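Asks:
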Amino acid sequence: MDIMKQDNVIEIIGKKIQCTQNIKGGWQNYSNPKQVNMIVKDGDFLWCAAEGGVVKWDLKNNSYFHYTVLDGLVDNNVCSIVIDFEKNIWVGTIGSGLSKFDGKQWTPYLFKNAQLGKYIQAMTIDHSNNIWLTTERGISSFDGKCWTHYQNVHKWLKKNSVWSICVDDDNVKWFGTTNEGVIKYDGKQWEMMPRINSLSSVAINTICVDRNNHIWIGTINGISKYDGKKWHYINDKVNGYTEAVSTIVEDKEGNVWIGTNGGRVLDVNGNIWLGSIGNGVIKYDVKNHIERFSHIDGLLHNNIRAIYVDENNDKWFGTDEGLNKFNGSQWASYIVDPNGLPSNKALSIAVDENNNKWIGTARRGLCKFDGKTWASYTDESGSPKNNVQSIAIDNNDEIWCGTGAGALKFNGKEWQMHTTVNGLAHDYISPVAIDSGGNKWFGTRGGGVSKFDGVNWSTFNHATTHGGIGNNVIRAIAIDKQENIWVGTDGGGVSEYDGREWKLYTTEQGLSCNNVFAIAVDKYDNKWFGTLNGISKYNGKKWTHIGPSFRSMFSTLKMFILNLNHRALINYIFKSKWICSYDLAGRYIRAIEIDKEGNIWFAALGGVSKYNGKNWIKYTTTDGLANQNVRSIAVDNEGCLWFGTIAGVSKFCQK
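Our numbering puts the first residue of the sequence shown at 13, with every later residue one more than the last.
(1) Can you name the residues that DSSP bridges to residue 111?
(2) May I have the straight-line CA-CA distance separating residue 421 from residue 446, to the nearest angstrom?
(3) Using the Cα positions of residue 72 and residue 101, report the straight-line distance between them to the nearest angstrom.
(4) Give every residue of the same chain whose Cβ lies closer than 8 angstroms to the Cβ of residue 2, excluding the five residues on either side of it in the sequence, and list them in chain order.
(5) Does DSSP put residue 620 in a helix, a strand or coil?
(6) Below 8 angstroms, can you find three or more Cβ-Cβ pairs linking the stretch 72-87 to the stretch 101-112?
(7) Label residue 198 either buried or exposed according to how many other C-beta atoms from any shown protein chain fall within 10 Å of its C-beta, with 16 as the threshold for buried.
(8) When we look at the beta-carbon of residue 657 and count the other beta-carbons within 10 Å, is it buried (16 or more) or exposed?
(9) Since residue 656 sits in a beta bridge, which residues does DSSP pair it with?
(10) Opposite residue 423 in the DSSP bridges: which residues?
(11) So which of 652, 643, 404, 638 has the shortest CA-CA distance to residue 44?
(12) Which first and last residues belong to the beta strand (DSSP E) in which residue 602 is found?
(13) Contact defined as beta carbons within less than 8 angstroms: I believe residue 332 pairs with residue 313. What is the distance between those atoms, to the nearest angstrom?
(14) Counting beta carbon pairs with one atom in the stretch 361-379 and one in the stretch 336-343, are three or more of them shorter than 8 angstroms?
(15) Rank 539, 649, 58, 631 by C-alpha distance to the C-alpha of residue 39 and give the top, closest one.
(16) Here's the rule I'm using: 16 or more other beta-carbon atoms within 10 Å means buried, otherwise exposed. How should residue 629 be labelled?
(17) Check whether the stretch 47-55 and the stretch 640-654 are in contact - that is, three or more C-beta pairs closer than 8 angstroms.
(18) To the nearest angstrom, report how far apart residue 207 and residue 140 are at their CA atoms.
(19) Candidates 492, 440, 480, 436: which alpha carbon is nearest residue 466's?
(20) Less than 8 angstroms between the C-beta atoms of residue 455 and residue 486, yes or no?
(21) Please specify which runs of the beta strand (DSSP E), each continuous and at least 3 residues long, are wholly inside the stretch 369-414, giving them in chain order.
(22) Take residue 225 and list the residues in its own chain whose beta-carbon comes closer than 8 angstroms to its own, dropping the five residues that flank it on each side.
(23) Confirm the yes/no value for this check: CB of residue 463, any heavy atom of the ligand ZN, distance under 7 angstroms.
(24) Are residue 530 and residue 488 closer than 8 angstroms when you measure CB to CB?
(25) Which residues in the same chain as residue 205 place their Cβ atom closer than 8 angstroms to its Cβ, once the five residues preceding and following it in sequence are excluded?
(26) Would residue 599 be called buried (16 or more neighbouring beta carbons within 10 Å of its own) or exposed?
(27) Could you tell me which of 217, 74, 156 sits nearest to residue 230, measuring between CA atoms?
(28) For residue 159 and residue 128, what's the separation of their Cα atoms in angstroms?
(29) Does any CB atom of chain C fall closer than 8 angstroms to the CB of residue 344?
(30) With a threshold of 16 other CB atoms inside 10 Å of the CB of residue 6, please say whether the residue is buried or exposed.
(31) In angstroms, rounded to a whole number, what distance separates the CA positions of residue 469 and residue 444?
(32) Return the CA-CA distance between residue 254 and residue 603, expressed in angstroms with no decimal places.
(33) In whole angstroms, what separates the C-alpha of residue 636 from that of residue 666?
(34) What residue range is occupied by the uninterrupted beta strand (DSSP E) comprising residue 317?
(35) Can you give the beta carbon distance from residue 151 to residue 174, rounded, assuming they're within the 8 angstroms contact cut?
(36) Distance check for residue 416 and residue 431, CA to CA, integer angstroms please.
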């Protein structure tokens, strides 16, 4: 095996900046666009669709600008980007629809027509400058004035089934579905392409057309090519097995580059390039000569997400840590904010007595923000690289984290992990709470509740409490003014523990839904429960249910009726009341927090809602929220709200 590195020159480009934008209406965003999902080029500008927004690189002077919702983008979680004939930039987001940028301002397309959908899965431009896109609702096109939706025009076009598009030289549209193969549309007729002895799989990830008008199809089981008459199946003869193909592009020399699951790249003219998840890029030539490229050679990260070949035949690689260019001998790294938020998926947030914000992320562990700088805690620092689902801070200012590998304690210098070996009921921790006596309460995914007094462990589950805990999968824990422990479960309702016995509350007692994901206690000792079906409030005697519309109420009634749960239905109708709030951001409530003024904040899949005791106010990406899929809420020492989303962290200071 020959490894050639001497000709590779590494160049680092880009200035380090704080990954935030100007304040807009009290909102401020912290998002990191280093995970690049798609790349397009317009002259001297390179546009990158990223998990944390859109980055525009000026390749003349190597400067860049980071666009977020505070600049007019509809959402920070961007998956696709295309440029039309008039040089407008079209950006598809995950959850908030489409944005157009004309070079000066952003125009949102929020799709009030529910048929169009809001989860953009793929986009392209046809020969007539029409925008074609696929969403969870099907296929749509836009001619600049009117939208056309194609979901029901053919039996094959099912919801959430089309994930890729390309347009050939004859302006025929080709669509790849997740389970039905390939469909083509010539403007008049829809045609399902043959699946037997043609496609390597009917689950299509990507489609590309080359200069010969041949259609290249990447599936979960290799590559198929259609030359207009015959189908050809291409596999990886070098390694003797097929791969799940994710991206296909053609370079200026006519080489077709195929990115497989994990970024694998093939040059079908002889060279084989592999951009893998974890192993970087590998090139095989026709003589089986091997060159390996990884972060040691110049890649910012060994996980490859996107591939683009420009007019100079330079190859661009979007990675988990930024953008790379390779011209055949030299690597260039385009770095955006390497010292900011390590992951945009903020699962949990807590604030210590010094007003430091501690943020638990997905797959990137724990980080701290002191208002100016970010500190990341990784494997090297002693913190396991894991999903930090929850954070609690005790009276000694020690950080307690619930992770997928146990309960993690950090005293500012040293890390200590508690697992089932020490006495924990289960290693997967969801919520963490600390009572006035300093006892730590951990909710596990399957083992019930564990209590740790600093020395001894106690376990409470469905069996040991004789059904007092309805389910051993724990989603939320809160402590009321009497030091009673309230536990929300996944399907088993809510349990209350007074230190002696457990009491169970389900839909039979008046709870609106037995799936409880968030709990908070207000100054009046009312308990607020966030469920899969809106909000339930319990004052000790009466239940109140709050949903975004009458649809939520009817879905609850339907649930009772279908399950023949007549007792629960009677309690629901006669022992509770329903409030329909059209400013509730969604039915699925993920977090609840109460600010210093007593306002109650609810995080949902559709944004954030605030309740001041009389009125409801909803906040979404149009106001400045980074993303409408909100996972966590915290209030800092100055009364500002911090929201953790799947596309960054938002700060909101009320005027």
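Beta carbons: idealized from backbone N, C-alpha and C, even for Gly. Note that the structure is predicted; figures quoted are calculated from it, not measured.
Replies: Inspection of the coordinates gives the following:
(1) 103, 120
(2) 13 angstroms
(3) 20 angstroms
(4) In the structure as shown, the chain starts at 13 and stops at 667, and residue 2 therefore has no counterpart that could be examined.
(5) strand
(6) The answer is yes - the stretch 101-112 touches the stretch 72-87, with three or more Cβ pairs under 8 angstroms.
(7) exposed
(8) Residue 657 is classed as buried because its beta carbon has at least 16 other beta carbons within 10 Å across all chains shown.
(9) 644, 661
(10) Answer is none; residue 423 lacks a bridge partner.
(11) 638
(12) 601-606
(13) 4 angstroms
(14) Cβ pair count under 8 angstroms is below three, so no.
(15) 631
(16) exposed
(17) The stretch 47-55 vs the stretch 640-654: no contact.
(18) 30 angstroms
(19) 436
(20) The criterion of a C-beta distance shorter than 8 angstroms is satisfied by residue 455 and residue 486.
(21) 369-373, 378-381, 386-389, 400-405
(22) Residues of the same chain with a CB within less than 8 angstroms of the CB of residue 225, apart from the 5 flanking positions on each side, are 180, 181, 182, 240 in chain order.
(23) With respect to the ligand ZN, the structure shown offers nothing to examine, as it has no ligands at all.
(24) Yes; because the gap between Cβ atoms is below 8 angstroms, this pair is in contact.
(25) 193, 194, 195, 196, 211, 238
(26) buried
(27) 217
(28) 8 angstroms
(29) Considering every chain present, this structure includes no chain C. It has just one protein chain.
(30) The structure shown has nothing for residue 6, since the chain only spans 13 to 667.
(31) 14 angstroms
(32) Note that residue 254 scores a pLDDT of 49, beneath 50, so its modelled location is shaky; the value from the coordinates is reported in the next line. Each residue's alpha carbon lies about 43 angstroms from the other.
(33) Going by the C-alpha atoms only, they are around 13 angstroms apart.
(34) Element bounds for residue 317: 316-321.
(35) About 6 angstroms; that satisfies the 8 angstroms criterion.
(36) 10 angstroms
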